[in-house]
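If you count the sequence shown from 1, position 52 lands on 51 in numbering that gives the first Met the number 0, and the numbers rise without skipping. First the structure, in the form of structure tokens, and then the observations on it.
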Amino acid sequence: MMEYQRFVRNRQIERAKKLLTNIDPEAYKKGANDITRFIKRTTTTRSGEETVDTYELNLDVINEEEKYDGFYVVATNLNDLAKYILDISSNRYKIEDCFRVMKTNFSARSVFHQKRERIVAHFMICYTALLIYRLLEKKLDMYGTCFTVDSIIKTLSNIQVANLEDVCYMSTYNNSQVLTALNAIMDLGLDKK
0 MMEYQRFVRN RQIERAKKLL TNIDPEAYKK GANDITRFIK RTTTTRSGEE TVDTYELNLD
60 VINEEEKYDG FYVVATNLND LAKYILDISS NRYKIEDCFR VMKTNFSARS VFHQKRERIV
120 AHFMICYTAL LIYRLLEKKL DMYGTCFTVD SIIKTLSNIQ VANLEDVCYM STYNNSQVLT
180 ALNAIMDLGL DKK
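Dropping the structure here:
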């Protein structure tokens with residue numbers, strides 16, 4: 000973690016140096032993670048004359064940030080126990096992964112519905128799909144297999160069956176590792192032709 004933070008900061012310092020040589024740093028807004036935080040502005044003036052601004056790297060800010068390399072802080076306004084807050088924070092990546100799956104695999108992006116009911120319905124379908132996917136993923140993990148989101152969704156999307164004279168249905172897809180694992184955890188007969 001410490002090396003990563005140092006690497007990111009060094010890249011930002013290099014970008015700040017380029018900004019000093021090429022462009023006016025005042026054109027950029029300063030933010031908590033913006034490269035302009037490493038640039039110091041000094042204004043000098045002589046009595047009755049025009050002010051002159053000079054820009055340089057602010058080594059004090061760089062050294063101050065460097066002291067905290069390797070530390071990770073969780074700030075919250077909750078009054079819960081620290082252990083409880085840290086447990087939730089340690090699982091934050093799972094929440095972020097759910098949003099990523101929703102946006103990329105289930106198309107839970109802004110939709111062109113006008114009515115509130117349709118918007119709610121669209122997102123309920125996406126959340127239900129995410130819930131079903133996560134339950135499948137958990138069962139597959141308990142079975143001892145691990146598949147990517149894309150491979151599971153692609154496999155489920157490609158499952159097709161043919162109606163045989165209204166007597167039964169026959170699968171018309173090829174077997175795969177995902178289907179074998181799904182069949183093992185649910186005994187659906189998905190691996191039969």
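Yeah, the Cβ is synthetic: ideal placement off N, Cα and C, and Gly gets one too.
Query	Result
According to the Cβ coordinates, are aspartate 68 and arginine 5 closer than 8 angstroms?	yes
Tell me where the beta strand (DSSP E) around arginine 40 begins and ends.	38 to 43
For serine 170, which residues does DSSP report across the bridge?	Val160
Going by C-alpha distance, which of Ile84, Ile151 and Phe70 is nearest asparagine 104?	Ile151
Of all the options Thr171, Lys153 and Ile124, which has the alpha carbon lying nearest to the alpha carbon of alanine 161?	Thr171
Alpha carbon to alpha carbon, what distance is there between phenylalanine 70 and asparagine 9?	17 angstroms
Closest by CA to aspartate 52, which one among Thr41, Thr20 and Arg133?	Thr41
With a threshold of 8 angstroms on Cβ separation, who are the neighbours of leucine 19 within its own chain once the five nearest residues in sequence on each side are excluded?	Ile38, Tyr54, Glu55 and Leu56
Taking the C-alpha atoms as reference points, what is the distance between leucine 181 and tyrosine 132?	12 angstroms
Measuring CB to CB, does isoleucine 61 end up less than 8 angstroms from isoleucine 12?	yes
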